[in-house]
Each structure stands twice: as C-alpha cells, then as structure tokens.
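Undergrad: Below: one structure in structure tokens.
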Amino acid sequence: MTEPISYRHIIIGVDLSEDCPGVIRRAAAIAAACNAKLTIAHVLEPIAFAYGGDMPVDLSGVQEQQVQKAEADLAQLAATSPYPIQQRHVLVGQPAAELHYLAEQESADLIVVGSHGRKGFSLLLGSTPNSVLHGATCDVLAVLVKKQLAES
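Written out as structure tokens, the structure reads:
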C-alpha cells in the first residue's frame, strides 16, 4: 500500500505571462490539499552590459528597473492566488538553475511551472519546464497551459 503524496513547500515558477493565473490556481489547489507553504518566483535573464561599438555600456540600471517591475508584477499576480502565497522571489540568472537553487535553499519538495506543450523544434531546442525537470532535486509539475486552463 502506498502512502498519500503530501508536499510541505511548493514553489511556483512563473514567466509573468497571461497564462500564469491558471498555473497559480493549480499550484494553490495542491498547496491547499496538502496544507503546504506556497512560494512564487520569477527569474530574469541577466543583462550586465552590452557593447555599442568600442564603448562598453553599463546596463545595471536597466537590470534594476527590470527587477523592480517584475517585483510589482509578481505582487499583483500573487494577489490573485486563492491560497496564501507566503514568499515572493525575483531572481536574476538562468531560470532552471535559479529555481533549482531556490528549491534547495527553501527545502521545497515541489516546483510547479507552466508548459505550452510544444512539439517539434521547440521540444528539441528545450524549454524552461524541460530544463527545470532535469537537475531538480524535488518533484516538478509542468501544468499544461491552454486557453481553457486560464479561463477556468
């Protein structure tokens, strides 16, 4: 006889797209069923500096503006959750690596991400949900994002 699955800490990895509310609702339902802590995270790609001809251009101010906007967007998104989100994180780096690191640091036992269910070249080239799955030290749930999910 198998024991029931129970999660203690769930991290939702979001891309701040219009599909996020459906992913949040799915993760919130699991968290409510398990009485788990719920955390939401968004990862920005780093943009340290770029080169304009022979002159390096420092874009750290632009990165900080991106972080501030993402924090505001994440707060709005977290407010739509039917279950309390206890922590919000905006991280800078490679999405899968940052979500893996956050899950380890927070002792999370489930990462939930949205997936568009791509096929063909998109599947071969990889996607964030696929990257999160490989190398994770906890369970990963890829929620299939479709119009119906976002509207339900």
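Residues in the sequence shown are numbered consecutively from 1, following the UniProt record's numbering.
Glycine residues also receive a C-beta, built at the ideal position from the N, C-alpha and C atoms.
(1) So for GLU19, helix, strand or coil by DSSP?
(2) Just checking: is the beta-carbon of LEU38 within a distance shorter than 9 Å of some beta-carbon in chain C?
(3) Roughly how many angstroms separate the alpha carbons of VAL132 and VAL145, rounded to a whole number?
(4) Does the beta-carbon of HIS42 have 16 or more other beta-carbons within 10 angstroms, so that it is buried, or is it exposed?
(5) Nearest-angstrom Cα distance between VAL90 and LYS69?
(6) Around the Cβ of PRO98, are there at least 16 other Cβ atoms within 10 angstroms (buried) or fewer (exposed)?
(7) For ILE100, does the three-state DSSP call read helix, strand or coil?
(8) Under 9 Å between the Cβ atoms of ALA29 and PRO84?
(9) From what residue to what residue does the alpha helix (DSSP H) around SER115 run?
(10) If you draw a straight line from the C-alpha of ALA78 to the C-alpha of ALA36, how long is it?
(11) Answer yes if the segment 96 to 111 comes into contact with the segment 137 to 144, meaning at least three C-beta pairs across the two stretches below 8 Å, and no otherwise.
(12) Work out the CA separation of LEU44 and GLN63 for me, nearest whole Å.
(13) Beta carbon of LEU110, beta carbon of ILE10: below 9 Å?
(14) Can you tell me which of the three DSSP states ARG88 falls into?
(15) Keeping to the same chain, check which residues put their C-beta closer than 7 Å to that of GLU71; ignore five residues upstream and five downstream.
TA: This is what the structure holds:
(1) Here residue 19 is taken as the residue at index 19 of the sequence shown, counted from 1. A small fix is needed here, since residue 19 is Asp in this sequence, not Glu. Residue state, collapsed to three classes: coil.
(2) No chain C is part of this structure, which consists of one protein chain only.
(3) On the sequence shown, residue 132 is found 132 positions in, with the first residue counted as 1. On the sequence shown, residue 145 is found 145 positions in, with the first residue counted as 1. If you take the alpha carbons of VAL132 and VAL145, they lie about 16 Å apart.
(4) On the sequence shown, position 42 is the one that residue 42 refers to. Answer is buried; the Cβ neighbour count reaches 16.
(5) Working through the sequence shown from its first residue, we reach residue 90 at position 90. Working through the sequence shown from its first residue, we reach residue 69 at position 69. Approximately 10 Å, taken between the alpha carbons.
(6) Translated into positions along the sequence shown, residue 98 becomes position 98. Note that residue 98 corresponds to Glu in the displayed sequence, not to Pro. GLU98 comes out buried.
(7) As a first step, residue 100 must be located in the sequence shown, where it is residue number 100. Strictly speaking, residue 100 in this sequence is His, with Ile absent from that position. The answer is helix: DSSP assigns HIS100 an H, G or I state.
(8) Within the sequence shown, residue 29 is the residue found at index 29, counting from 1. Within the sequence shown, residue 84 is the residue found at index 84, counting from 1. Not in contact: ALA29 and PRO84 (Cβ atoms no closer than 9 Å).
(9) As a first step, residue 115 is located in the sequence shown; it is residue number 115 there, counting from the start. Unbroken run through SER115 is the beta strand (DSSP E), 110 to 115; no alpha helix (DSSP H).
(10) On the sequence shown, residue 78 is found 78 positions in, with the first residue counted as 1. On the sequence shown, residue 36 is found 36 positions in, with the first residue counted as 1. Their backbone Cα atoms lie some 16 Å apart in a straight line.
(11) yes
(12) Residue mapping note: residue 63 aligns to position 63 of the sequence shown, counting from 1. Residue mapping note: residue 44 aligns to position 44 of the sequence shown, counting from 1. Whole-angstrom Cα-Cα distance: 9 Å.
(13) Mapped onto the sequence shown, residue 110 falls at position 110. Mapped onto the sequence shown, residue 10 falls at position 10. In contact: LEU110 and ILE10 (Cβ atoms closer than 9 Å).
(14) Looking up residue 88 in the sequence shown gives position 88. Strand.
(15) As a first step, residue 71 must be located in the sequence shown, where it is residue number 71. Closer than 7 Å at Cβ, skipping near neighbours: VAL90.
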